[in-house]
Amino acid sequence: MQRGLILCLIALFAVAALIGSVAVGSVSIPAGELLAAFSGKASGPVADIVWKLRLPRVAAGFACGGLLALAGTLLQVLLRNPLADPYIFGVSGGAALGVLLAMLLGFGAAIQSGLGLAGAIGASAAVFLLSFRGGEWNPYRLLLTGVVIAAGLNAALSLILVLAPHTAVKGMLYWLMGDLGYAGNPVPALLVLAVLLAVILPLARMLNVLALGRTKALSLGVPVAGMEILLYVLAAVATVTAVLVGGTIGFIGLIVPHLVRLLGLADHRWLLPASVLAGGSLLVVADAFARSLWAPLQFPVGVLTALLGVPVLLLLLAGRSDAAR
9 MQRGLILCLI
19 ALFAVAALIG
29 SVAVGSVSIP
39 AGELLAAFSG
49 KASGPVADIV
59 WKLRLPRVAA
69 GFACGGLLAL
79 AGTLLQVLLR
89 NPLADPYIFG
99 VSGGAALGVL
109 LAMLLGFGAA
119 IQSGLGLAGA
129 IGASAAVFLL
139 SFRGGEWNPY
149 RLLLTGVVIA
159 AGLNAALSLI
169 LVLAPHTAVK
179 GMLYWLMGDL
189 GYAGNPVPAL
199 LVLAVLLAVI
209 LPLARMLNVL
219 ALGRTKALSL
229 GVPVAGMEIL
239 LYVLAAVATV
249 TAVLVGGTIG
259 FIGLIVPHLV
269 RLLGLADHRW
279 LLPASVLAGG
289 SLLVVADAFA
299 RSLWAPLQFP
309 VGVLTALLGV
319 PVLLLLLAGR
329 SDAAR
């Protein structure tokens, strides 16, 4: 099957996921009423549900999933490791520390987002500075530094949860598990996603070479050091934005690039946009299930992505092991 056709099918799946996710929830909306709401011919409760509640949440979920998938794809090139995850910088821990600290002190949503952004930037900057020494970049040092800093941040998060009053712990846990219920305006996240794609897509051929290894890339004239710094910065920005939108939603950035490669889109000219579309649509579908399976009860979408991601990852690892034999 041609790569263009595969990308078109993924795009059609994304459109269907977006429309279907707007229609389902604690109150199901028939197709006719949904079409009327989209065309502006409907008013009242249905229009309010579509435009004020579900559509912003669905758009935020698509942006969050697309950003995580993009970050995972870039990191797997940067580290030459197919198991690289967007959260290896300690970005999620830094953002969580800022947000939970703001919750503990009783600050509102704006200050929570500001402190979360500051914590995420601080964690990613610390990992970068500790991994880039003497003008030399070491991906393995980056990985180890990220793991160590993430462990320290997790300890600090546990301390905050112990000190927090019982009335605040549930909200903190929901944020830590990943929840799109408080995503807010999706436009900034969508703009960040569009800008990051516009920056990296023209460099997709270099990514194909860099994925073969530093030595090969240097011999073919790729500016390896500059490309690696750019990949780090873009992946960090994508991860920070996704975390601020939906909290720490796992497995999307790890699993989606693998699934897209299995469809035959290993070339980054196709892999990058396909991963964004697939990651966004999968998170939107997972969130639709999370808020409709036990409606009106809703549970964090990060729980569902983890429950689905673990068996998928194990199957992928089993497949790789069989192929190796």
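Reminder that position 237 of the sequence shown reads as 245 in the working numbering, one-by-one numbering, no gaps. Where is the CB? At the ideal position from N, CA and C, for every residue including glycine.
Span separating the alpha-carbon of residue 277 from that of residue 152: 30 Å
Taking residue 237 as the reference, which of 37, 62, 288 and 135 has the closest Cα? Considering only alpha carbons, the answer is 135.
Would you kindly report the start and end of the unbroken alpha helix (DSSP H) that includes residue 92? That residue, residue 92, is in no alpha helix (DSSP H); it is neither H nor E in DSSP.
Verify whether the separation of the beta carbon atoms of residue 264 and residue 130 is less than 9 Å. no
May I have the straight-line CA-CA distance separating residue 280 from residue 205, to the nearest angstrom? If you take the alpha carbons of residue 280 and residue 205, they lie about 8 Å apart.
Alpha carbon to alpha carbon, how far is residue 118 from residue 35? Give it in angstroms, no decimals. 30 Å
Looking at the C-beta of residue 165, does it have a partner C-beta in chain D at a distance below 9 Å? Annotation note: the requested chain D is absent from the structure, which comprises a single protein chain.
At the level of alpha carbons, what is the spacing between residue 226 and residue 216? 13 Å
Those runs of the alpha helix (DSSP H) which lie wholly inside the segment 42-102 and span at least 4 residues: 53-56 and 63-86
Cα-Cα separation between residue 59 and residue 193, rounded to whole angstroms: Roughly 12 Å separates the two Cα atoms.
Helix, strand or coil for residue 307? Go by DSSP, reduced to three states. Residue 307: coil per DSSP, three-state reduction.
Beta-carbon proximity check, residue 75 vs residue 247, cutoff 9 Å: yes
Rounded to whole angstroms, what is the Cα-Cα separation between residue 13 and residue 319? Cα to Cα, the separation comes out at about 28 Å.
Can you find the residues in the same chain that come closer than 7 Å, C-beta to C-beta, to residue 189, ignoring five residues on each side of it along the sequence? 306
Return the CA-CA distance between residue 295 and residue 313, expressed in angstroms with no decimal places. 9 Å
Span separating the alpha-carbon of residue 124 from that of residue 315: 26 Å
Close Cβ partners of residue 266 (< 6 Å) along its chain, the five nearest in sequence each way excluded: 324
Nonlocal neighbours in the same chain, by C-beta distance under 7 Å from residue 212, ignoring five residues either side: 276, 277 and 280
Suppose contacts are defined by Cβ-Cβ distances below 9 Å. Is residue 30 in contact with residue 42 by that definition? yes
With a threshold of 8 Å, are at least 3 pairs of Cβ atoms found where one atom belongs to the segment 57-73 and the other to the segment 194-204? yes
Roughly how many angstroms lie between the CA atoms of residue 121 and residue 10, to the nearest whole one? Distance between the alpha carbons of residue 121 and residue 10: 43 Å.
Look up residue 140 in the DSSP assignment and say whether it is helix, strand or coil. strand
Considering Cα atoms alone, identify which of 68, 98 and 233 is closest to residue 201. 68
Could you tell me whether the Cβ atoms of residue 107 and residue 186 are closer together than 9 Å? no
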